[in-house]
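Going down the list, the protein sequences come from chains A and B.
All the letters of the first sequence, read from the start, carry residue numbers 0 to 257 under numbering that gives the first Met the number 0.
All the letters of the second sequence, read from the start, carry residue numbers 0 to 357 under numbering that gives the first Met the number 0.
Presented below is the structure to which this report refers.
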Amino acid sequence: MGLKHTSIVAALAVLALYGGLIAALAWFFDVTSFTQAVSSERTLFSVRLSLLAATVSTFFALLLAIPAAYALSRFRFPGREAVDTVLEFPIIVSPAALGAIILIFFNNPLGEWVQANVINFVFAFAGIVLAQFITILGVAVRMLKTAFDEVPVELETVARTLGASHRHAFFSVTLPLAKNGLIAAFILTWAKAIGEFGATLMVAGSMAMRTETLPIAIFMRLSSADIEGTVALILVLSGIGLTALFIARRQLSRAVHA
Amino acid sequence: MLEIEGLTTRSGGFNLRDIYLSIGQGQCHAVLGPSGSGKSTLLNAVLGTLPVLSGRLRLAGEDITHLAVEHRRLGYVPQQLGLFPHLSVADNLAYSARARRLPPGEFRPLLDRLVEITAIGHLLGRLPATLSGGERQRVALVRALAAAPRMVLLDEPFTALNESLRRELWWLVKDLQKEHGLTVMIVTHDLSEAYFLADDITVLIDGIQEQSGDKTTVYHRPATVAVARFLGLKNMFPARTTQAGNVDCPALGGHLKVKESDVNRGDAWLVIRAEHVALRAPDAPPQTGEARFTGHFETVLDLGESAVLNFRIDSGVQLEVRCGSRVLRKYGLKAGDAGQVGLPASDLFVIPSSPANP
């Protein structure tokens, strides 16, 4: 078999692997159980909590990631290499370790002071947002940097020679041209936040109707041997994630062809 | 208008050192050099996108050495033109006015006039991606000029165009320069572009300012061997100047006269441009001040408008000869033919040897 056919078989094997795993859920799929599980107050709470927490964490992540990514894309500054390297930190350490690090921080004097005087993170909604924020920040910066790299610096220079301040050039030229990449980055980081489990479990715990995001709800259903309910929640989470991916791919495709 | 005094800057690992330039109001100055010579680095330092490590930049008497790009009031047309792809042509043209929050009365008359001169009125509603190469060039030029800059910087903007379109745009730049009294600095690697557009030329090679001066002097009297080689001069021979007007050049058979010799006695290069080597009929009488050589034509290449010939002198030295195609046809020359060429003293010149011209 030639290289072409080998590589195509490998690509199709990837699809078969993930598709097969999702298809295997059908063995335990039951319409009645599915309807009951997805319409229960507890599931709806998990969906609402997940959507809200992911949206808030993604908003804060982009708030920091957009200027940081722009700096990495455009400027050379002391510590640039270190910043670029640390973006992969959340991927290198497991989400559980990341959550443990956050938890340990709140047991330090500074963390305790923050907990007591600013906002309570541990076992609270803010903890879910923080865990997701820390997990997705690096990915968000990396994706946004790629979006900014696609916009030639020369366009900003031209804008500035035409009298625009650096800030005006950024908002009137760079940001609109990176728009599709930014939207795709938002959707993908949001989808990653929705699916975040390890760090959230460590920081916010698994309290029903309080810190029970969709991934944690799946974990809790499976722990109590509710397979049909677990399958229902997995399908809900997969549906949200795949829809987000579909939209993101369309945006990225527009960005490439723009 | 623009004074560059001892400018030194760095881009990545590339150093540009000690540049001195002066561009007068309404003048066009070409910065000429091969790829990687530092032309764009110099332009970026003038633009303000590269920091000046030492030296000074003055524009209309104002020290702009450390002034932000947006406050320099320089028009800029980069190689890729830099049209904003998400804005229509009209919005591209009005960008400067909007960025500066100018009332329409202040920028409309100039913009309308430029749109009329360049005949781009029918393009205003279109996006840059839908324009042809020539249309995009015109829009980029008008956008730069509509901001009423104190000076315009052009960074090889015509490189990607075909010959006829390039010439058309050269004329457009000339016309705009004349009508608006523009001061222009153009960066190019193309001698014909520099010669067409510029009053003065600076040749940069490897980050060194090899020569600056009016275009005729730079073209006819390159100051260094590096400039001569960049300009494509092939007929360069080691020589020794003995006294004013006399040169000893063993490669060309000994003593030759040159019309001018401001070179001190010593080692030098004797140079003649290929188009100044004269083809002589075998029975042509000798001419005063001309060194005559016999030999044969090794290659004869008719380029349509002109012709290039390689002439091997009997002593073994090779000379490049350029002439019009009609001259070639008149003599009926072909490779292998014996012939005679003359080197007029008035066209021979010397480049002194120095550490820079070994």
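From the three backbone atoms N, C-alpha and C, an ideal C-beta is built for every residue, glycine too.
In this text the structure is predicted, and so the values were computed from the model without any measurement.
Just the C-alpha distance for CYS248(B) and LYS256(B), rounded to the nearest angstrom, thanks.
Counted from its first residue, the second sequence places residue 248(B) at position 249. Counted from its first residue, the second sequence places residue 256(B) at position 257. Cα-Cα distance, rounded: 10 angstroms.
Under DSSP, the beta strand (DSSP E) around TRP268(B) begins and ends at which residues?
For the purposes of this step, residue 268(B) is identified with residue 269 of the second sequence, where counting begins at 1. 265–270 is the span of the beta strand (DSSP E), which, as asked, contains TRP268(B).
Within the chosen definition, does the region 227–236 of chain A reach the region 113–132 of chain A through at least 3 CB pairs nearer than 8 angstroms?
Result no; under three Cβ-Cβ pairs closer than 8 angstroms.
Quick check on VAL183(B): does DSSP put it in helix, strand or coil?
Taking the second sequence and counting its residues from 1, one reaches residue 183(B) at position 184. Strand.
Just checking ILE226(A) against the ligand ZN - is the residue's beta carbon closer than 6 angstroms to any of the ligand's heavy atoms?
What this structure holds is no ligand at all, so the ligand ZN is not there to describe.
Throw me the rounded Cβ distance for the GLY5(B) and TYR19(B) pair, which I believe falls under 8 angstroms.
In the second sequence, counting from the first residue as 1, residue 5(B) sits at position 6. In the second sequence, counting from the first residue as 1, residue 19(B) sits at position 20. Right, the Cβ-Cβ distance comes to about 6 angstroms (below 8 angstroms), so this counts as a contact.
For SER164(A), which residues in chain B fall below 9 angstroms Cβ to Cβ?
One-based indexing of the first sequence puts residue 164(A) at position 165. Within chain B, the residues whose beta carbon sits less than 9 angstroms from that of SER164(A) are ALA67, GLU69, ALA98, listed in sequence order.
Chain A beta carbons: is any one of them nearer than 7 angstroms to that of THR48(B)?
Sequence index remark: in the second sequence, residue 48(B) carries index 49 (1-based). At least one chain A Cβ lies under 7 angstroms of THR48(B).
Return the chain-ordered list of same chain residues with a C-beta closer than 8 angstroms to the C-beta of ASN245(B), the five sequence neighbours on each side being excluded.
As a position in the second sequence, residue 245(B) is number 246, starting the count at 1. Answer for ASN245(B): HIS254, LEU255, LYS256, VAL257, SER260, listed in chain order.
Would you say PHE106(B) lies against chain A (beta-carbon separation less than 7 angstroms)?
Along the second sequence, read from residue 1 onward, the residue named residue 106(B) stands at position 107. Using a CB distance cut-off of 7 angstroms, PHE106(B) does not count as an interface residue toward chain A.
Pick out the complete alpha helix (DSSP H) segments inside the region 180–217 of chain A, 4 residues or longer, and give them in chain order.
Fully enclosed alpha helix (DSSP H) runs of 4 or longer: 197–203.
Output needed in chain order: residues of the region 69–83 of chain B with a Cβ under 9 angstroms from some Cβ in chain A.
Near chain A, meaning a CB-to-CB distance below 9 angstroms, the residues of the region 69–83 of chain B are GLU69, HIS70, ARG71, ARG72, LEU73, GLY74, TYR75, VAL76, PRO77, GLN78, GLN79, LEU80, GLY81, LEU82, PHE83.
If THR54(A) and TRP189(A) are in contact, beta carbons under 8 angstroms, what's the gap, nearest whole angstrom?
Within the first sequence, residue 54(A) is the residue found at index 55, counting from 1. Within the first sequence, residue 189(A) is the residue found at index 190, counting from 1. Yes, they are in contact, since the Cβ atoms of THR54(A) and TRP189(A) sit about 7 angstroms apart, within 8 angstroms.
Tell me the residue span of the beta strand (DSSP E) that contains ALA238(B).
The count along the second sequence starts at 1 and reaches residue 238(B) at position 239. 235–242 is the span of the beta strand (DSSP E), which, as asked, contains ALA238(B).
Can you have a look at MET184(B) and say buried or exposed, based on whether 16 or more other CB atoms are within 10 angstroms of its CB?
In the second sequence, counting from the first residue as 1, residue 184(B) sits at position 185. Under this definition MET184(B) is a buried residue.
Where the beta strand (DSSP E) containing LYS256(B) begins and where it ends
In the second sequence, residue 256(B) corresponds to position 257, counting from 1. For LYS256(B), the enclosing beta strand (DSSP E) starts and ends at 253–256.
For ALA158(A), go through chain B and note every residue whose CB falls closer than 8 angstroms to its CB, in chain order.
Residue mapping note: residue 158(A) aligns to position 159 of the first sequence, counting from 1. Around ALA158(A), the beta-carbon contacts reaching into chain B at under 8 angstroms are PHE83, TYR94, ALA98.
Please decide whether ALA146(B) counts as near chain A, where near means a Cβ-Cβ distance under 7 angstroms.
Counting from 1 along the second sequence, the entry for residue 146(B) is found at position 147. Judged by the 7 angstroms Cβ criterion, ALA146(B) is in contact with chain A.
With distances taken from CA atoms, which of CYS322(B), VAL276(B), LEU302(B) is nearest PHE292(B)?
Numbered from 1 along the second sequence, position 293 holds the residue referred to as residue 292(B). It is VAL276(B) whose Cα lies nearest to the Cα of PHE292(B).
Does the beta carbon of GLU149(A) sit closer than 7 angstroms to a beta carbon anywhere in chain B?
Counted from its first residue, the first sequence places residue 149(A) at position 150. Residue contact with chain B for GLU149(A): absent (no Cβ-Cβ distance below 7 angstroms to any residue of chain B).
Reference LEU232(B), options VAL320(B), LEU66(B), ALA118(B), closest by Cα:
Along the second sequence, one-based indexing puts residue 232(B) at 233. When the alpha-carbon of LEU232(B) is set against those of VAL320(B), LEU66(B), ALA118(B), the nearest one is in VAL320(B).
For VAL138(B) and ASP111(B), what's the separation of their Cα atoms in angstroms?
As a working note, residue 138(B) is residue 139 in the second sequence. As a working note, residue 111(B) is residue 112 in the second sequence. Cα to Cα, the separation comes out at about 12 angstroms.
Pull the bridge partners of PHE169(A) from the DSSP assignment, please.
Sequence index remark: in the first sequence, residue 169(A) carries index 170 (1-based). For PHE169(A), which the question treats as bridged, DSSP gives no partner whatsoever.
The alpha helix (DSSP H) that contains ASP148(A), what's its start and end?
Taking the first sequence and counting its residues from 1, one reaches residue 148(A) at position 149. For ASP148(A), the uninterrupted alpha helix (DSSP H) segment begins and ends at 124–148.
Do THR240(B) and ALA267(B) have their beta-carbon atoms positioned less than 7 angstroms apart in this structure?
On the second sequence, position 268 is the one that residue 267(B) refers to. On the second sequence, position 241 is the one that residue 240(B) refers to. Going by C-beta atoms, ALA267(B) is nearer than 7 angstroms to THR240(B).
LYS191(A) versus ALA224(A): straight-line alpha-carbon distance, rounded:
Locating residue 191(A) in the first sequence gives position 192, where the first residue counts as 1. Locating residue 224(A) in the first sequence gives position 225, where the first residue counts as 1. Computed Cα separation, rounded: 26 angstroms.
Distance check for LEU318(B) and PHE236(B), CA to CA, integer angstroms please.
Within the second sequence, the letter at position 237 stands for residue 236(B). Within the second sequence, the letter at position 319 stands for residue 318(B). Cα to Cα, PHE236(B) sits roughly 10 angstroms from LEU318(B).
Can you tell me whether VAL202(B) is helix, strand or coil according to DSSP?
Walking along the second sequence from the start, residue 202(B) turns up at place 203. Residue state, collapsed to three classes: strand.
Let me know the secondary structure DSSP gives ASN245(B) once reduced to three states.
Taking the second sequence and counting its residues from 1, one reaches residue 245(B) at position 246. Note: ASN245(B) maps to strand in three-state DSSP.
Tell me the DSSP secondary structure of ARG248(A) in three-state form.
Translated into positions along the first sequence, residue 248(A) becomes position 249. Three-state result, ARG248(A): helix.
What whole-angstrom Cβ distance do LEU140(B) and THR117(B) have, given they're in contact under 8 angstroms?
Position 141 of the second sequence, counted from the start, is the residue given in the question as residue 140(B). Position 118 of the second sequence, counted from the start, is the residue given in the question as residue 117(B). With a beta-carbon spacing of about 7 angstroms, LEU140(B) and THR117(B) fall inside the 8 angstroms limit used to define contacts.
From SER21(B), SER10(B), ALA222(B), pick the residue whose C-alpha is nearest to that of GLY60(B); which is it?
Along the second sequence, read from residue 1 onward, the residue named residue 60(B) stands at position 61. Among SER21(B), SER10(B), ALA222(B), the Cα nearest to that of GLY60(B) belongs to SER21(B).
Counting only Cβ pairs nearer than 7 angstroms, list the residues of chain B close to GLU153(A).
Working through the first sequence from its first residue, we reach residue 153(A) at position 154. Ordered by position in chain B, the residues that pass the 7 angstroms Cβ test against GLU153(A) are PRO77, GLN79, GLY81.
Compile a chain-ordered list of the residues in the region 76–93 of chain A whose CB is closer than 7 angstroms to at least one CB of chain B.
So the list is empty, because no residue satisfies the distance condition.
Considering ASN116(A), what are the terminal residues of the alpha helix (DSSP H) in which it resides?
Counting from 1 along the first sequence, the entry for residue 116(A) is found at position 117. ASN116(A) -> alpha helix (DSSP H) spans 108–116.
Taking the alpha-carbon of CYS322(B) as reference, which of ILE312(B), VAL307(B), LYS333(B) has the nearest alpha-carbon?
Counted from its first residue, the second sequence places residue 322(B) at position 323. With distances taken between Cα atoms, CYS322(B) lies closest to VAL307(B).
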